[in-house]
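Here is the structure we will look at, set down as structure tokens.
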DNA sequence: GGGCCAGTCCCCAGAAATGGGGATTTCAGC
DNA sequence: GCTGAAATCCCCATTTCTGGGGACTGGCCC
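Chains as they are written, first to last, in the numbering used here: chain A, 11 to 259; chain B, 11 to 259.
Here is the structure:
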């Protein structure tokens, strides 16, 4: 069976999974099939204090997990930090080239090795507005990473992360929970998000100041919020606006 | 040659490419190899310090590009909006399920069809705090998307995006140029994002109204923006805040 | 025709945010 | 012991937003 067929089958199984445990089992099997020993799919947060729900699935040795949590490595683990710098998977051997490794980083990598974790490959996964995350695969210490599996690992990691997003309900909005804005309301909100005042928006759209106020007023009503900031967050969350829209020059 | 071999070869070629034109040629060839006709790699950037040209590589028909620009569709293209809601590639047929399509959205999709663009597949890509974008592949109108190529399209899209980041020099800017907020600034922003007024935040945090104003003032300065809305967008984009934080009840 | 909705415009009063000045304390790092 | 950053507090004036009232047009659907 070709690698891509494996990826497709994996995707179907992930789609069918209905619990984090099932997803973990699928990842465990996939990791082993690719000659890895460990997997770790996680949001990069300080888990002990993070607001739920943050994603974390793995089959790392317990000793390592305890160490990790005790030292609050979520946000500072070098593998996680490196995964914030790229959009495709990378081998851990490239870490030193991607980051300036500090003494502490080296300690962390050493600690992992002592816990039995060998070489690895990490697939970053980011969705704007959500915690940064990644899906890593690692060999048992002493065993090499098999290059020929890495493209598949990239696919499997991405698919698994998206599956986790679904299972954790990170973007669930009830059937008709999504308020709809009119085109004009969205126009106004778009410029408001870019930091324009109502008066400036009026000039940009060629309508009166009062009309802009009116559109934004109604947009707030539709989302049931009273503040421009909340309106913006909701619109970004449900895809009415995107970061690209708002941040682009 | 297996699909994964194609991906590996593509990755090597992208690594070797030394100009956007070369990358475009590689993408054109890859798209055709996957039975697509068009590709479009758009890469929108937000780097307050170093103004970067936005990346746009594509082989769309000129008529469509003109239409797109004339009507200033950039900010509202539904494909771009959807690409911010997921971490894996999606077929355009799923757009309606991912977003509420407005009349204008349907017009855009119609316009694309009239310009000869058929069905497509879009791979989102995001690096927190730095850039977001996507790589799309589309068939000529009337031709179906070949499902069996989509896993490869996912790989090719991701590799191409990362190649564009390299070619546009985005990776050399150093990781930690982006603004960091102090704990207190983040506390204030967190509550501001949830719609609290400065006065309410002061009561919640047990500090004076003026101090809250001060923290938010300095937070705006760090991001180089003048409005609360912009501050919020930047913080969400680079992961300082997440939707989970802000929308959780 | 009547109802509904999007879009446009107008008014007002009060609350909130922004941009400018200041200031002190505490604590970590050199 | 000095420096710098963070956190705290205070004042001012101005702009901007929010919530409350209205009104008129042009489509669309039944």
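Note that the Cβ used here is the ideal one computed from N, Cα and C, for glycine as well.
Quick caveat: nothing in here was measured; it's all calculated off a predicted structure.
Residue 130 (chain B) has B:148 as its beta-bridge partners, per DSSP. Residue-level contact check: residue 132 (chain A) does not touch chain B, since none of the beta carbons of chain B fall below 7 Å from its beta carbon. When rounded, the separation of the alpha-carbon atoms in residue 44 (chain B) and residue 22 (chain B) is 18 Å. Contact check for residue 71 (chain B) against residue 125 (chain B) passes: the beta carbons are separated by less than 7 Å. A residue is called buried once 16 or more other Cβ atoms fall within 10 Å of its Cβ, and residue 201 (chain B) is buried on that count. Annotation for residue 152 (chain B): 128 place their beta carbon closer than 7 Å to its own, counting only its chain and skipping 5 residues before and after. Neighbours of residue 65 (chain B) in chain A, taken as residues whose beta carbon is under 8 Å from its own, are absent, since the nearest beta carbon is some 11 Å off.
Between residue 215 (chain A) and residue 30 (chain A), the C-beta gap is not smaller than 7 Å, which leaves the two residues out of contact.
In this structure, the straight-line span from the alpha carbon of residue 98 (chain B) to that of residue 133 (chain B) is close to 6 Å.
In the structure shown, the three-state DSSP call for residue 173 (chain A) is helix. The Cβ neighbour count for residue 107 (chain A), taken over all protein chains shown within 10 Å, is under 16; the residue is labelled exposed.
Per the coordinates, the alpha-carbon of residue 148 (chain B) lies some 54 Å from the alpha-carbon of residue 219 (chain B).
For chain B, none of the residues of the region 218-234 of chain A brings a beta carbon within less than 7 Å of one of its beta carbons. Sixteen is the threshold: since fewer than 16 other Cβ atoms of the shown chains lie within 10 Å of the Cβ of residue 117 (chain A), the residue is exposed.
Secondary structure at residue 96 (chain A): coil, using DSSP grouped into helix, strand and coil.
A distance below 6 Å between beta-carbons, with the five flanking residues on each side excluded, links residue 47 (chain B) to the following residues of its chain, in chain order: 149, 150. Between the beta-carbon of residue 256 (chain B) and that of residue 204 (chain B) there is about 6 Å, and that keeps the pair under the 8 Å contact cut. Excluding the 5 residues flanking it on each side, residue 245 (chain B) has same chain C-beta neighbours closer than 7 Å at 199, 251, in chain order. A direct Cα-to-Cα measurement between residue 95 (chain B) and residue 181 (chain A) gives close to 8 Å. For residue 90 (chain A), the three-state secondary structure derived from DSSP is helix.
In the three-state scheme derived from DSSP, where H, G and I count as helix and E and B as strand, residue 135 (chain B) is classed as strand. Taken atom to atom, the span from the alpha-carbon of residue 49 (chain A) to that of residue 247 (chain B) is near 27 Å.
Rounded to whole angstroms, the gap between the alpha carbons of residue 34 (chain A) and residue 13 (chain A) is 20 Å.
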